[in-house]
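Colleague: Dropping a structure here in structure tokens format, bear with me for questions.
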Amino acid sequence: MTSVRVLVDAAAELGEGPVWDERAGVLHWVNITAGQVLTTSIETGETTTVTLPTMVGAVAPAASGGLVAAVAEGFAFDSCTTTLRVLGPSERMNDAKVDPYGRFWAGSTARDFTPGRGALHVLMPDRTSTVALTGLTLPNGLGWSPDGLRMYLVDTLQYRLYSFAFGADGLDPHDRQVLHQFDTAEGMPDGLCVDAEGCLWVAIWGGHKLVRYSPSGQALTTVDLPVEQPSSCTFGGPAWDRLFVTSARQGLNAAPPDLNGALLEILTPAVPGHPTSPFGG
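Here the UniProt record's numbering is used: the first residue of the sequence shown is 1, the next is one more, and so on.
Here it is as structure tokens:
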């Protein structure tokens with residue numbers, strides 16, 4: 001049986017977006033609704049928090065130093081002192097990740113989750129952006145196959161995990177396939193990460209679990225978690241062999257000392273992850 005440990009009992013309202021910073025040797029993650037960027041030592045759990053003046057969906061290390069962020073209005077740089085506004089007041093950015101070529105992909109959603117108003121945006125290393133996909137609802141978990149030839153995307157409110165053909169040009173993902181259609185009774189698919197074998201680990205919001213899927217969409221392994229709303233996951237550590245999971249308290253009536261909102265670690269995952277790229281800017 002897989003063991004789980006609590007790394008940080010943060011009671012985060014909407015913990016999300018964990019990402020390993022290889023250069024700094026720390027794990028970054030966010031508390032979306034509080035506008036918080038949290039940085040955690042994976043050895044001690046010691047955590048520092050920076051609060052931004054806006055909601056923050058995800059961050060990623062940048063090759064030039066510091067972090068790039070997907071924030072409510074668009075993208076932010078330089079500790080959120082510079083913002084590239086790409087969204088209107090009725091929308092916000094959600095989850096985001098860097099592709100193998102150093103571009104920062106972020107999903108946007110309508111604040112009222114109107115179907116079809118979600119989109120997938122790409123921030124280039126020169127700090128310009130473009131829209132790569134439209135017609136989504138709540139774009140969420142993102143990931144790429146180890147060879148960089150497939151992109152994966154969760155649309156939470158459509159209960160779907162998509163797979164796309166991808167490559168170095170990458171700005172027009174095509175050959176969209178529904179890799180897995182989730183049963184609404186099992187919870188909602190949320191964030192994801194990809195391991196060294198090309199399998200996908202998906203956090204199931206409302207399902208108390210993390211599920212590993214094959215590249216063809218077959219469920220392989222389920223890890224039960226001590227939180228109701230796991231939100232995302234990532235591999236990290238010097239050997240990329242440690243698996244971390246964020247969670248959320250949002251909408252729950254339970255009061256502390258329950259673990260909803262904690263940052264968790266899955267001990268001894270079956271396989272390691274693979275190195276990810278920093279934002280190229």
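Yeah, the Cβ is synthetic: ideal placement off N, Cα and C, and Gly gets one too.
Quantities reported herein were computed from a predicted structural model and do not represent experimental measurements.
Which class does GLU265 belong to by DSSP, given the choice of helix, strand or coil?
Modeller: Residue mapping note: residue 265 aligns to position 265 of the sequence shown, counting from 1. Looking at GLU265 - three-state DSSP - the assignment turns out to be strand.
Colleague: Ordered along the chain, which non-local residues of its own chain (more than five positions away) have a Cβ less than 6 angstroms from that of GLY148?
Modeller: Counting from 1 along the sequence shown, the entry for residue 148 is found at position 148. Excluding sequence neighbours, GLY148 sits near PRO100.
Colleague: Taking 8 angstroms as the threshold (C-beta atoms), are ARG5 and LEU267 in contact?
Modeller: Numbered from 1 along the sequence shown, position 267 holds the residue referred to as residue 267. Numbered from 1 along the sequence shown, position 5 holds the residue referred to as residue 5. Result yes, Cβ atoms of LEU267 and ARG5 sit closer than 8 angstroms.
Colleague: Using CA atoms only, rank isn't needed, just tell me which of VAL98, TRP201, GLY207 and ILE32 is closest to ARG92.
Modeller: Here residue 92 refers to the residue found at position 92 of the sequence shown. Minimum Cα distance to ARG92 is reached at ILE32.
Colleague: Can you tell me whether THR54 is helix, strand or coil according to DSSP?
Modeller: Counting from 1 along the sequence shown, the entry for residue 54 is found at position 54. Coil.
Colleague: Let me check one thing: in DSSP terms, what residues is ASP155 bridge-paired to?
Modeller: Here residue 155 corresponds to residue number 155 of the sequence shown, with the count starting at 1. Paired residue(s): PRO139 and ARG160.
Colleague: When burial is assigned at 16 or more other CB atoms within 10 Å of the CB, is residue 348 buried or exposed?
Modeller: The chain is shown only over 1 to 281; residue 348 falls outside these bounds and no answer can be derived.
Colleague: How far does the beta strand (DSSP E) with ARG103 in it extend, from its first residue to its last?
Modeller: As a first step, residue 103 is located in the sequence shown; it is residue number 103 there, counting from the start. No beta strand (DSSP E) holds ARG103; DSSP gives it neither H nor E.
Colleague: Going by CA-CA distance only, name the one from LEU243, VAL178, THR184 and GLU197 that's closest to LEU210.
Modeller: Stepping through the sequence shown from its first residue, residue 210 is reached at position 210. When only C-alpha atoms are compared, the closest one is LEU243.
Colleague: For a quick check, are the C-beta atoms of ASN260 and VAL227 less than 8 angstroms apart?
Modeller: Numbered from its first residue, the sequence shown carries residue 260 at position 260. Numbered from its first residue, the sequence shown carries residue 227 at position 227. Cβ distance < 8 angstroms, so ASN260 and VAL227 count as in contact.
Colleague: Under 8 angstroms, with one C-beta from each stretch per pair, do the region 193-213 and the region 144-162 reach the 3-pair mark?
Modeller: Result yes; three or more Cβ-Cβ pairs closer than 8 angstroms.
Colleague: What does the Cβ neighbour count give for VAL68, buried or exposed, with the cut at 16 atoms within 10 Å?
Modeller: Residue numbering aside, residue 68 sits at position 68 when the sequence shown is read from its first letter. So VAL68 counts as buried.
Colleague: Check whether the Cβ atoms of GLY141 and PRO189 sit closer than 8 angstroms, and answer yes or no.
Modeller: Along the sequence shown, read from residue 1 onward, the residue named residue 141 stands at position 141. Along the sequence shown, read from residue 1 onward, the residue named residue 189 stands at position 189. Going by C-beta atoms, GLY141 is nearer than 8 angstroms to PRO189.
Colleague: Suppose you measure from the CA of GLY143 to the CA of LYS97; what does that come to, to the nearest Å?
Modeller: Looking up residue 143 in the sequence shown gives position 143. Looking up residue 97 in the sequence shown gives position 97. If you take the alpha carbons of GLY143 and LYS97, they lie about 7 angstroms apart.
Colleague: Nearest-angstrom Cα distance between LEU7 and THR40?
Modeller: Here residue 7 refers to the residue found at position 7 of the sequence shown. Here residue 40 refers to the residue found at position 40 of the sequence shown. Looking at the two C-alpha atoms, the distance is approximately 9 angstroms.
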